[in-house]
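Beneath this line is the structure, given in structure tokens, with notes to follow.
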Amino acid sequence: MSREATLALLETYYGAFNAGDWEGMLACLSDDVAHDINQGARQTGKDTFRAFMGHMERCYKERLEDIVLMASEDGTRAAAEFVVHGQYLTTDEGLPEAQGQTYVLPAGAFLAIENGKITRLTMYYNLADWTAQVVGA
1 MSREATLALL ETYYGAFNAG DWEGMLACLS DDVAHDINQG ARQTGKDTFR
51 AFMGHMERCY KERLEDIVLM ASEDGTRAAA EFVVHGQYLT TDEGLPEAQG
101 QTYVLPAGAF LAIENGKITR LTMYYNLADW TAQVVGA
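Under the UniProt record's numbering, the first residue of the sequence shown is numbered 1, with each subsequent residue one higher.
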């Protein structure tokens with residue numbers, strides 16, 4: 001896959017995220033996608049990712065802005081940097097109580113690409129920053 005094709009795939013993926021098009025996002029993933037959750041365990045498989053997205057939709061309303069996409073020359077590795085503008089809707093297990101708080105959080109992702117699909121998605125953001133924003137510290 002070329003660098004340009006990988007960048008187009010990521011544009012589709014993140015465009016679907018911002019549109020709330022979960023099926024569009026899932027179409028960009030391999031069936032055995034590995035999802036490394038920030039400060040959490042690796043989850044594997046498209047069905048598991050679908051369940052994760054359902055959980056996220058219940059707890060958070062998010063939009064990504066200032067998206068910058070990067071890809072290796074051979075298109076097999078990529079990265080995305082963005083700013084998450086969100087609202088905390090429903091209390092997520094082990095996290096502070098949700099009261100509709102808003103947050104703005106820099107974040108990033110590292111991705112692996114094979115056969116035109118995302119095979120690994122590793123997310124990073126500063127959980128301490130997010131927590132401070134939602135508890136008002």
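We treat Cβ as the ideally placed atom computed from N, Cα and C, and that holds for glycine.
The beta carbon of THR76 sits closer than 6 Å to the beta carbons of ILE113 from its chain, once the five residues preceding and following it are set aside; these are given in chain order. Per DSSP, reduced to three states, the secondary structure at LEU26 is helical. For MET1, the three-state secondary structure derived from DSSP is coil. Look at GLN101 here: in three-state DSSP terms it is coil, with no helix or strand label. Between MET25 and GLY136, the alpha-carbon positions lie close to 32 Å from each other.
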